[in-house]
């Protein structure tokens, strides 16, 4: 198990790997209707946030790097 998988597990997420020829993704989900799923789309290098019954929003990895840097600058991590 990777370090990231362990971190998600500690937060209560379950890992689901999907590779069916069309979708190639890693999905972290929780058994809480208010939780947001976190999906790593390996085909398009996107990170998608959403709920099963709601809208989904994606972020490109370059933007994620900028977000991570800002979080560090703010002293949040």
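Numbering (our numbering), first residue to last: 152 to 228. Ideal Cβ placement from N, Cα and C applies to all residues, glycine included. Here the structure is a predicted model, which is why all the values come from computation and not from measurement.
Query	Result
Alpha helix (DSSP H) runs wholly inside the region 193-224, at least 4 long, in chain order	212-224
Option nearest residue 177 by Cα separation, candidates 162, 200, 161	200
Member of 187, 197, 224, 161 whose CA lies at the smallest distance from the CA of residue 213	197
Proximity below 8 angstroms, CB of residue 174 to CB of residue 180	no
Same chain only: Cβ atoms within 7 angstroms of residue 217, ignoring 5 sequence neighbours per side	none
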